[in-house]
Amino acid sequence: MTIYEVCDAQKFIMGMLTNFGSMEQERIHNTLKTFCVADPCYDKSLQQLQSFLAGLISEEKLEFRDAIKLSVMRSGG
C-alpha cells in the first residue's frame with residue numbers, strides 16, 4: 005500500500021470500528037471493497053488487510069477481542 009492508501013484505509017477502518025464497535029476482519033475487508041471504490045480504490049486481498057491490521061495492532065491502535073474481532077484501542081484500560 006502507498007502512504008496515501010494507508011492513511012485513507014486507516015481512517016476508514018478506525019471510523020468503522022468507532023461507529024460499529026468490534027468487527028471481524030472479513031467484514032472489514034468486504035466493507036472496504038464495497039465502499040472504497042473512488043481513487044484510490046481498495047483492491048487488496050484479505051491477507052494484505054490482515055497484515056495491515058497486524059501493524060495497527062502492534063502500534064496499539066487496534067486490539068483483538070473475542071479472538072476474531074477487532075476494535076479501536078481505548079486509552080486508560
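Numbered continuously in the working numbering, the sequence shown closes out at residue 81.
We put the beta carbon where it would ideally sit given N, CA and C, even for glycine.
Here the structure is a predicted model, which means the values were calculated and not measured.
Asked: Separation of R31 from T38, as counted between CA atoms; Found: 10 Å
Asked: Simplified DSSP state of M77, which is helix, strand or coil; Found: coil
Asked: Environment of A13 [buried if 16+ CB atoms lie within 10 Å]; Found: buried
Asked: DSSP three-state assignment for E63, whether helix, strand or coil; Found: coil
Asked: Given S49 as reference, the closest of D43, I61 and T35 once Cα atoms are compared; Found: T35
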